[in-house]
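Here is the structure we will look at.
Structure representation (structure tokens):
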């Protein structure tokens, strides 16, 4: 298959180049064990990066101290969710800030009077109050939660910060102890005697002292006396609290003093992102805010998160000749007959996705001869199959068409809906065809497309890139002109840079080559290609079978090169395939690679219901960077009838139904960009079809399903999911369909089975609250009745709700993302240069693939180490061993180095593993101390083989 990788002019020769793993993509994979902590609250407050704490939940978007506000805070990835509580008349802790009910409930309207105290009414009375209608009509009927209910919601996906407003410490401690939450939450109060008593009752609690106090030493404080001082800090330390929680009157000196006393400092209530950044610059450890989304975005800026459409993007229109018979709603549909239409055709029939006949008619005899399009008039949104019959046979030929809902607004710049297009290869040196593919991608409402590039085409010999325009230049221009953002990937090495003449499918052994290539590519494609992956699926054999240390070293050199050429580029991880594994994540983290990727990219070919569990190692490896899924599919078998290699209509329909399932599940599992594989007609020798379009660009149903997702989930951010039954799947998003803000539910019913068993599930469901359905469409974008359907099937439905209403559902929060790991890249890169014969394949999980180096016990293994200097100045330093399994030994002769700019230095180290070692899988970590040049790391995994 490698040989066919580069047969650009033969469409079927793209197999290895356009796919990652082949048959392994279709297997089931075991879920990795979840990573848990015995003391999550303690771990959280010890984090190096600042915390974002949602004040009374996401109280800018939902009524404070309610379950909807807490759910939205969890969806926004708030590190902690703060709440307040009082006791009812009968001693039940209820979540509310004020001691009276007037401001945030309808108690006054319901019962009359003013200043109605929480403690004056029993919990049963308080449970009937409306605690949401005051904020917005959509939240009318929201209840006051009990403290236990609130904590159950928050602890399902986060950590609660409990502020005691009233009530004794013993009641709180008893609740936390009974529920097993003592080490899972943080407790704070302005009442320092309460803090002291809580510490006495339960030493394991994580406690915060709120300040400034209103009085001190028997008198009220003036405003200038409320600043955090060493005296206040000493008092908090004496309480046994771990946290100083103060207003904005904190100085850098006061924060430093608190840190010196072993205390963390959090500040409330900060809603201005610039002020939050200023406080963090003073050393503050946590920001309490009503708007955790905005504060997180300022403190941890991520690439490609601007909602506004890029300047070059408008609302797309079809090309004049409507490639692929693809139209927009309201246009007159004229369908071209197939090129191979035989003679004797007497009639035509128009069918929908279920094979139901919609229209029929006699065929004008002029059509076969002149190839005039068949005029069908206006058709509603959907996918259509046009079959042609002779007098005695039905369906002797057929073609397809589509009508898409018209985009009412440009696709948002932060929309997660993307597609792998491979335009430069599908339309190799065919500029008009590149324009057609780009237009069809834009019509689908996608934000990004992914393309492919061959290194040897642009740099066949050492030196500058070829000056002539290539298919990659014209494809980038066509896609940019269509308003698309372009992600580009390469995964070949020209012979002159390869380790051997036949090793073009592996990394170049000299990292200086990829550095210079990346720098040159950044300049050549500036503004047209705005993101890069510096290799494709390097962890699997098809694309070189590299070890994780090789991938990390390659990533560092490529990132430095791209950024040298254009600092504004997005440089993704050199994307991995197969099931993510904890061992691979350990390698990415041990090599301290996170400063060298802007996005962490993986591929998936697993069932969508498994995404959330399977991707846990990838979320950890991302180190707080966005997770991009740059290939995703679940290929369906074709009929083995070339050259079309079409699928059975049932499989075509099931694949189309799965499109929305895949995108919804992916966004819940943590992805920020999801690229379906693949736009153009593409099949693999194992009998699987992947393409959304057919050979002549006519659509398969899945293309229309992609267009529905592109419209309905435009700019989407996940809110959570709800599983009302074992086979019922409901995912909630905040999105901007047609440029208007809505909550969007994507709902379907399906069992966790393979293709043969899918499409047969029906389930009754009933949301626990009344939902106002503003608009409803099916999986192909067809309008439905504006009601919650009583039953669900395998075909997803999209329900548009008023913004905020989805949070009324008992949503499961999305998985926690890894905290943002700060770091500064070093221009010095370390690389192990062992031959390929010294590695072995490892399968750490079923359906995973990786490689490690082999070491034999009792024998010395020479380790050739290269040190590169990609800085403009001389780099000097010293290499030392930082981690080694017990009993293993290393020798580092002459570990000091000095390297000229662009140079490479070599050290031959030695590794010895004793006979009888108990460690069969171990890591060697080497660090170079380069002073101002940083402290780069090289972490190498070894498998012991006797």
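Numbering (the working numbering), first residue to last: 10 to 955.
Where a beta carbon is used, it is the ideal one built from N, C-alpha and C, also for glycine.
Bear in mind the structure is a predicted one, so any value in this text is a computation, not a measurement.
Item: Chain C within 7 Å of residue 860, Cβ atoms only; Value: Absence of chain C from the displayed structure is noted, only one protein chain being present.
Item: According to DSSP, residues forming a beta bridge with residue 705; Value: Residue 705 is not bridged to any residue.
Item: Nonlocal neighbours in the same chain, by C-beta distance under 6 Å from residue 204, ignoring five residues either side; Value: 198, 216, 218, 248 and 250
Item: Given residue 384 as reference, the closest of 582, 336 and 444 once Cα atoms are compared; Value: 336
Item: Buried/exposed call for residue 298, threshold 16 Cβ in 10 Å; Value: buried
Item: Alpha-carbon to alpha-carbon, residue 148 and residue 376; Value: Caution is warranted here: a pLDDT of 49 is assigned to residue 376, below 50, making its placement in the model unreliable, and no coordinate value can be reported.
Item: Close Cβ partners of residue 144 (< 6 Å) along its chain, the five nearest in sequence each way excluded; Value: 72
Item: Start-to-end residues for the beta strand (DSSP E) that takes in residue 524; Value: Counting along the chain, residue 524 falls outside any beta strand (DSSP E), though it belongs to the alpha helix (DSSP H) covering 520-533.
Item: Reduced DSSP secondary structure (H/G/I, E/B, other) of residue 885; Value: strand
Item: Proximity winner among 408, 951 and 230, relative to residue 850 (alpha-carbon distances); Value: 951
Item: Burial state of residue 440, where buried means 16 or more other Cβ atoms lie within 10 Å; Value: exposed
Item: Cross-strand partners of residue 1036 (DSSP beta bridge); Value: In the structure as shown, the chain starts at 10 and stops at 955, and residue 1036 therefore has no counterpart that could be examined.
Item: Residues near residue 544 by beta carbon distance below 6 Å, same chain, minus five either side; Value: 500 and 583
Item: Three-state class that DSSP yields for residue 27 in the structure shown; Value: Unreliable placement is indicated for residue 27, whose pLDDT of 33 sits below 50; the coordinate value is still reported in the next sentence. Here residue 27 sits in helix by DSSP.
Item: Residue 686, enclosing alpha helix (DSSP H) - first and last residue; Value: Where residue 686 is concerned, there is no enclosing alpha helix (DSSP H), although the beta strand (DSSP E) it sits in stretches over 680-686.
Item: At least three beta-carbon pairs within less than 8 Å, the region 521-529 to the region 567-575; Value: yes
Item: Per DSSP, the bridge partner or partners of residue 778; Value: Residue 778 pairs with nothing; no bridge assigned.
Item: Among 344, 818, 756 and 460, nearest to residue 739 - alpha-carbon criterion; Value: 756
Item: Which residues DSSP lists as bridging residue 738, in chain order; Value: 757
Item: Rounded C-alpha distance that separates residue 318 from residue 67; Value: 26 Å
Item: Runs of beta strand (DSSP E) lying entirely within the region 535-586, each at least 3 residues, in chain order; Value: 540-542
Item: As assigned by DSSP and simplified to three states, the class of residue 764; Value: helix
Item: Status (buried if at least 16 other CB within 10 Å, exposed otherwise) for residue 538; Value: buried
Item: In DSSP terms, what residue 268 is bridged to; Value: BP columns for residue 268 are empty, so no partner.
Item: Beta-carbon proximity list for residue 891, same chain, < 6 Å, skipping 5 on both sides; Value: 934 and 936
Item: Beta carbon of residue 599 nearer than 7 Å to that of residue 668; Value: no
Item: Other residues of its chain near residue 727: CB distance less than 6 Å, five sequence neighbours each side excluded; Value: 676, 677, 742 and 823
Item: At least three beta-carbon pairs within less than 8 Å, the region 83-97 to the region 114-122; Value: no
Item: Exposed unless 16 or more other CB atoms sit within 10 angstroms - verdict on residue 664; Value: buried
Item: Beta-carbon contacts of residue 628 that lie in its chain and below 7 Å, excluding the five residues immediately before and after; Value: 636, 679, 824, 826 and 827
Item: Environment of residue 1 [buried if 16+ CB atoms lie within 10 Å]; Value: Lying outside 10 to 955, the shown extent of the chain, residue 1 is not represented and no answer is given.
Item: The region 867-874 / the region 602-612 touching (three or more Cβ pairs under 8 Å); Value: no
Item: Nearest to residue 532 (by Cα), restricted to the options 754, 576 and 549; Value: 576
Item: The beta strand (DSSP E) enclosing residue 878, as first and last residue numbers; Value: 869-878
Item: Beta-bridge partners of residue 102, as assigned by DSSP; Value: 96
Item: For residue 610, the first and last residue of its enclosing beta strand (DSSP E); Value: 609-613
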